[in-house]
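Have a look at the structure below, then the notes.
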Amino acid sequence: MFCYEFTPHGVCSRKIHIGLSDDGRTIEQVTFEGGCNGNLKAIGKLVAGRQVDEVVSLLAGNTCGQRHTSCADQMARALRQAQEKMSIQPQVKR
Numbered sequence: 025m026f027c028y029e030f031t032p033h034g035v036c037s038r039k040i041h042i043g044l045s046d047d048g049r050t051i052e053q054v055t056f057e058g059g060c061n062g063n064l065k066a067i068g069k070l071v072a073g074r075q076v077d078e079v080v081s082l083l084a085g086n087t088c089g090q091r092h093t094s095c096a097d098q099m100a101r102a103l104r105q106a107q108e109k110m111s112i113q114p115q116v117k118r
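Using the numbering used here, read the sequence shown as starting at 25 and increasing by one per residue.
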């Protein structure tokens, strides 16, 4: 498992911990420090086992209140950054 730590900006959570499969395409685990504890635990459970591309396409750009981002949007950014560290390119749907 490839582990990646991300510091989000503009949201209540302070850290996002990402665990990706060795091929970098599947989310094995996501945990958050700070933020809305119950909701962020639920997000972690919902995304575990899913493909990174699927989760990013669903959650990128999600907002929270008046903010231009959200914990889910920041997680999508973290997932892409983790893939970049692994030199994984997003899969293009045909």
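For each residue, glycine too, the CB sits at the ideal point set by N, CA and C.
It should be emphasised that the depicted structure is a prediction, and the values quoted were computed from it without experimental measurement.
Residues of its chain near residue i, where Cβ-Cβ distance is below 6 Å and the 5 sequence neighbours each way are ignored
i: G43; result: M25, C27, E52 and Q53
i: R38; result: E57 and G58
i: C88; result: S94
Residue i - partner residues in DSSP beta bridges
i: G43; result: C27 and Q53
i: N75; result: Inspection of the sequence shows that residue 75 is occupied by Gln rather than by Asn. In DSSP, Q75 forms a bridge with T50.
Own chain, CB closer than 8 Å to residue i, minus 5 neighbours either side, in chain order
i: I67; result: V54, F56, C95, A96 and M99
Chain-order list of residues whose beta-carbon lies under 7 Å from that of residue i (same chain, five-residue window excluded)
i: L64; result: S37, F56 and C95
i: V80; result: A100, L103 and R104
i: G85; result: D97
DSSP three-state assignment for residue i, whether helix, strand or coil
i: S94; result: coil
i: S37; result: strand
Supposed close pair residue i, residue j - CB separation, criterion 8 Å
i: D77; j: P114; result: 6 Å
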